[in-house]
Amino acid sequence: ETRKLIAASVAAEQCRILHASGVNDFHFYTLNRADLTYAICHILGVRKQLI
C-alpha cells in the first residue's frame, strides 16, 4: 500500500512539472492497474465529468 501511494505521488509530481513546462495532455500506461491512474488523477484534482 505504501508503494502505491509513493508511486502515485511521484507520478503526480512529474505531471505537475511537465504541465508547468507546457505539456497539456497525458497518457498513462499502468499495465491494467486502473487504481494507480485513479490515484494520480485524484492527487492532481482531475475528476470525472458528465457529458
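Count along the sequence shown from 1, then add 15; that gives the number in this note's numbering. By construction, the Cβ of each residue, glycine as well, lies at the ideal position given by its N, Cα and C atoms.
Check	Outcome
Give the straight-line distance between the Cα atoms of A27 and C56, rounded to the nearest whole angstrom.	8 Å
In the DSSP assignment, find the alpha helix (DSSP H) that holds R18 and state where it starts and stops.	17-35
Take the Cβ of I49 as the centre, count every other Cβ of all protein chains shown within 10 Å, and call the residue buried at 16 or more, exposed below.	Residue identity differs from the one stated: residue 49 is Ala in this sequence, not Ile. With fewer than 16 other Cβ atoms within 10 Å, it is exposed.
Around the Cβ of A35, are there at least 16 other Cβ atoms within 10 angstroms (buried) or fewer (exposed)?	exposed
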